[in-house]
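The listed protein sequences derive, respectively, from chains A and B. Add 33 to the 1-based position in the first sequence for the numbering used here, that's all there is to it. Add 20 to the 1-based position in the second sequence for the numbering used here, that's all there is to it.
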Amino acid sequence: MSGAVGFLVFFLTYAVVYGILALGLNIQWGFTGLVNFGVAGFFAVGAYIAAFMTGTPSPYHLGGFGLPFPVGLLIAMGVSGIFALILGFPVIRLREDYLAIVTIGFAEIVRLIIVTEKNITKGPYGMGVIKPYKDLVPASYYSLLYLGIALLVLAILYVAMERAVRSPWGRALRTLREDERVAIAFGKNVNSFKLQVLVLGSMIFGLAGAVFGHFFNFITPNHFLPMETFLVWVMVMAGGSGNNIGVLLGALAVRGLWEGMMFLSDVLPRGIQIGAIRLAVIGLLLVLVVMVKPEGILGEKKTASDILGE
Amino acid sequence: MLEVIGLQKSFGGIRAVNGCTFEVERNTITGLIGPNGAGKTTVFNLISGFFSPDGGKIVLSGSRIDQLPAHRVPHLRLARTFQITRELSKMTVIDNLMVAPLDQMGETLFNSWFRIPSVKRQERKIREKALQVLEFLEIPDLKDEYASNLSGGQKKLLEFGRTMMTDPEIILLDEPGAGVNPTLMKKLNGYIERLRTDEGVTFFLIEHDMDLVMKLCDPIIVMNEGKVLAQGTAREIQENRKVLDAYLGG
């Protein structure tokens, strides 16, 4: 494949990974109002677990167990979910800002464990992740095949999440986001709903991590800095909290802006750091969205449930 | 129907409810009045489980409810409104109503993925019920409006309608008349009366509008400083020396 097409495929696959993350944060923040600042932590857990599960045995890191790719994805989701359950059980009944503090702490703990536990993760040296199904197509077309696999995962997830939220279950989530006391006064077990959503969303972050690892084929703790979490937040807020298509558009737009700004380095005067410009532009975007179109590119759908076919 | 026995609740050094005892008889419209700070809303929050009492008992239809988590209380067929309306602003009027019914099968993740026929059947019933409630409250045209776009009075109606969705035996209304114009208030009175006579619903309401209370409620309970000061018919309360003193600060 030529350079331009190759870049496009790389960009789209990366956008799909972030699209998966955005769908996960949308169920937590967009529909339920849970403030999770630990997206990167679950993302990392998913990436490393999938790498351990599917890799070939090595004395330098945990595993690998040589399991098939889809099994690795499922285990990555499961382990992320278990982490969310352990984390959520004590803190879910606290106020939302405490959840934000706890989750950001969790993400940093995960990253620092990866850095320091070299026997398990190879620490800052990073570890390789296999290319699944790489014998199916000639090597030069592999990235296209993997884009297809990633898109398939995203499509299945999208359908599952749309069906989940456009239901009485989703209506109850919107209710507790709007006013927790009303939800309680009408018999909803608010803590149970919140815990379900924390676990479900975090499983999705784990899935994104696994898809990311097999795409990059090499993961280091530096891929999971707090910045990743905030990029996903911008995607959800800019795209439209509470609208699954909206947050996917947000992921595409923010990722596009992020990659697109690389080309600026050719025109900018020497000495200007593109990394710093990127952050400033993303920050500006967020401010603009909040001021001009607070509901995002696409707002939330008006009717909560489509179960009767509307 | 609802018994409150020796109820106690303190916030820091303030004894908001201090040994409160009364009973709400089945199928009455019982009024709860008293000066500001008498502890009326605290009593409501204790009954509906939002606060847990420091002492005393609350018995609803024969079972103690004072130790139940708040989300279990509605299952004993008690519904409430709030002093300041709590509409779900970014949801439509009909969704505000449809979320209210208890034990909805569709409220599990599993059932939202696998929409078995009985989930849909229940959802259809809930929708019909919501449309009936809007019809009853004479606001059917508002069904697809965002709740945030309603007027203050319409929000009050919506809160009232939401309680109807759960088929309650007892409804607690916290200042249903606050900020409602006289015409709408008259209508609301009519709805309360009709639900009591046609469906046997018991009402327990806090209200500051004395004309309304005297016309609508029998009996009336008067609270002051966290205790019950007096109880009786409208006439008895109006002639009670202690009540006058409490209100006039004598």
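Every residue gets a Cβ at the ideal spot worked out from N, C-alpha and C, and that includes glycine.
Counting only the same chain and skipping the five closest in sequence on each side, list residues whose C-beta sits under 6 Å from that of LEU281 of chain A. GLY52
Report all residues from its chain with a CB closer than 7 Å to the CB of ASN224 of chain A; omit the five preceding and five following residues, and keep chain order. ILE125, ARG126
In angstroms, rounded to a whole number, what distance separates the CA positions of ILE241 of chain B and PHE64 of chain B? 13 Å
Consult DSSP for ASN131 of chain B and reduce its assignment to one of helix, strand or coil. helix
Have a look at VAL42 of chain A and LEU180 of chain A and give me their C-alpha separation to the nearest angstrom. 7 Å
Please compile the residues from chain B whose C-beta is within a distance smaller than 8 Å of the C-beta of GLY203 of chain A. SER132
For TRP62 of chain A and LEU178 of chain A, what's the separation of their Cα atoms in angstroms? 32 Å
Can you tell me where the alpha helix (DSSP H) with ALA254 of chain B in it begins and where it stops? 254 to 258
Interface residues of chain A facing LYS140 of chain B [CB-CB closer than 8 Å]: ILE340, LEU341
Using a beta-carbon distance below 7 Å, is GLY121 of chain A in contact with chain B? no
State the DSSP-derived secondary structure class of ILE118 of chain B, mapped to helix, strand or coil. Reading the sequence as shown, one finds Met at residue 118 of chain B and not Ile. Reduced to three states, the DSSP call for MET118 of chain B is helix.
Applying the 10 Å Cβ sphere with the 16-neighbour rule, what's the burial state of THR87 of chain A? buried
For TYR166 of chain B, the residue or residues it bridges with in DSSP: B:THR112
In chain A, which residues lie with their C-beta within 7 Å of the C-beta of ALA120 of chain B? PHE219
Please report whether the beta-carbon of GLN87 of chain B lies at a distance below 7 Å from any beta-carbon of chain A. no
Is the segment 104 to 116 of chain A touching the segment 234 to 250 of chain A, taking contact as three or more C-beta pairs under 8 Å? yes
Find the residues of chain B that neighbour VAL200 of chain A, judging by a C-beta separation of less than 7 Å, and give them in chain order. The sequence given here places Ser at residue 200 of chain A; Val does not occur at that position. Correct list: GLY126, SER132.
Would you say GLU195 of chain B lies against chain A (beta-carbon separation less than 7 Å)? no
Quick test of the definition: if touching needs 3 or more C-beta pairs under 8 Å, does the segment 112 to 122 of chain B touch the segment 138 to 156 of chain B? yes
Select from A:ASN277, A:ALA286, A:ILE82 the residue whose C-alpha is nearest the C-alpha of VAL192 of chain A. A:ASN277
Which term fits ALA48 of chain A, buried or exposed, when burial requires 16 or more other beta carbons within 10 angstroms of its beta carbon? buried
At which residues does the beta strand (DSSP E) containing THR50 of chain B begin and terminate? 49 to 53
Could you tell me which residues DSSP pairs with MET86 of chain A in its beta bridges? MET86 of chain A pairs with nothing; no bridge assigned.
Could you tell me the alpha carbon to alpha carbon distance between THR50 of chain B and GLY111 of chain A, rounded to whole angstroms? 53 Å
So, at 6 Å on beta carbons, what are the nonlocal neighbours of CYS237 of chain B in its own chain, with the 5 sequence-adjacent residues on each side left out? ILE49, GLY51
Assign GLU333 of chain A to one of three DSSP states: helix, strand, or coil. coil
Report the three-state DSSP secondary structure of GLY270 of chain B (helix, strand or coil). In this prediction, GLY270 of chain B has a pLDDT of 47, which is less than 50 and means its spatial position is unreliable; what the coordinates show is noted afterwards. Three-state DSSP puts GLY270 of chain B in coil, outside helix and strand.
Based on the DSSP secondary-structure assignment, which residues constitute the bridge partners of PRO40 of chain B? Per the sequence shown, residue 40 of chain B should be read as Cys rather than Pro. CYS40 of chain B pairs with B:LEU27.
Per DSSP, PHE224 of chain B is paired with what? B:THR50, B:LEU192
Using a Cβ-Cβ cut-off of less than 8 Å, list which residues of the segment 218 to 241 of chain A approach chain B; keep chain order. ALA218, PHE219, GLY220, LYS221, ASN222, VAL223, GLN229, LEU233
Please confirm if ALA10 of chain B has its CB atom under 7 Å from at least one CB of chain A. No statement about residue 10 of chain B is possible, as the shown extent of chain B runs from 21 to 270 and does not include it.
Out of curiosity, what's the CA-to-CA distance linking VAL325 of chain A and LEU317 of chain A? 12 Å
Cβ-Cβ distance between PHE70 of chain A and GLY275 of chain A below 7 Å: no
Can you check whether the C-beta of VAL215 of chain A is within less than 7 Å of a C-beta belonging to chain B? yes
Between ARG126 of chain A and chain B, is any beta-carbon pair separated by less than 7 Å? no
Beta carbon proximity, ASP130 of chain A to chain B, threshold 7 Å: no
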